[in-house]
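Visitor:
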Amino acid sequence: MLKLRLRRCGRKQRTFYRIVAIDVRSRREGKPLRKVGFYDPLKNKTYLNFPDILYFLEKGAQPTETVQDISKKSGFLRNSALIKATSINAIQKKGVG
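Per numbering that gives the first Met the number 0, the sequence shown runs over residues 0 to 96.
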């Protein structure tokens, strides 16, 4: 099973976090499958790679509560809802579904 979780980086008193897709059994600092974004709480900056996150969510990855909160603040849930709606409309127009 996969998780989308935070991985601590930086130095003492200047930490930032990478958002990574990683196996549940791995340590927090273990080797990730892929880096899908970062979060800097000191500068209040966030970057999320939406296609990669959607890919792992489709594969069954579960985001941690903190990653969910970060994605909500960045508006990712609205974007993913729009993407799902447009993909469903495209499938219905083709007559597949």
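We treat Cβ as the ideally placed atom computed from N, Cα and C, and that holds for glycine. All values reported here derive from a predicted model rather than from experimental measurement.
1) Spatial neighbours of V95 within its chain, please: CB distance less than 7 Å, with the 5 preceding and 5 following residues excluded, ordered by chain position.
2) Which residues in the same chain have their Cβ closer than 8 Å to the Cβ of G29, if we skip the five residues on either side of it in sequence?
3) Taking the continuous alpha helix (DSSP H) assigned at T65, which residues delimit it?
4) Within the same chain, show all residues whose beta-carbon is closer than 8 Å to that of Y16, passing over the 5 residues directly before and after it, in chain order.
5) Could you work out which residue in K72, L32, E57 and G59 is closest to L47 when comparing CA atoms only?
6) Straight-line CA distance for M0 to N43?
7) Per DSSP, which one or two residues make a beta bridge with A29?
8) Quick check on P50: buried or exposed, where buried means 16 or more other Cβ atoms within 10 Å of its Cβ?
9) Would you call A89 buried or exposed, if buried means 16 or more other Cβ atoms sit within 10 Å of its Cβ?
Guide: Put simply:
1) Counted from its first residue, the sequence shown places residue 95 at position 96. For V95, the predicted structure reports a pLDDT of 48, less than 50, and the residue's modelled location is therefore unreliable. A value from the coordinates is still provided. Excluding positions up to five away in sequence, the list is empty.
2) The residue labelled residue 29 in the question sits at position 30 within the sequence shown. Excluding positions up to five away in sequence, the list reads I21 and D22.
3) Here residue 65 refers to the residue found at position 66 of the sequence shown. Counting along the chain, the alpha helix (DSSP H) containing T65 begins and ends at E64 to K72.
4) Along the sequence shown, one-based indexing puts residue 16 at 17. Excluding sequence neighbours, Y16 sits near L5, R6, R7, C8, F37, Y38, D39 and P40.
5) Within the sequence shown, numbered from 1, the residue matching residue 47 stands at position 48. Nearest C-alpha to L47: K72.
6) Indexing the sequence shown from 1 puts residue 0 at position 1. Indexing the sequence shown from 1 puts residue 43 at position 44. Taking the straight line from one Cα to the other gives about 30 Å.
7) Here residue 29 refers to the residue found at position 30 of the sequence shown. Note that residue 29 is Gly in the sequence shown, not Ala. Its beta-bridge partners do not exist; DSSP assigns none.
8) As a position in the sequence shown, residue 50 is number 51, starting the count at 1. Classification of P50: exposed, given that the 10 Å Cβ count is below 16.
9) As a working mapping, residue 89 is identified with position 90 in the sequence shown. For A89, the pLDDT reaches just 49, beneath the cut-off of 50, and the residue's location in the model is therefore unreliable, although a value from the coordinates is still provided. A89 comes out exposed.
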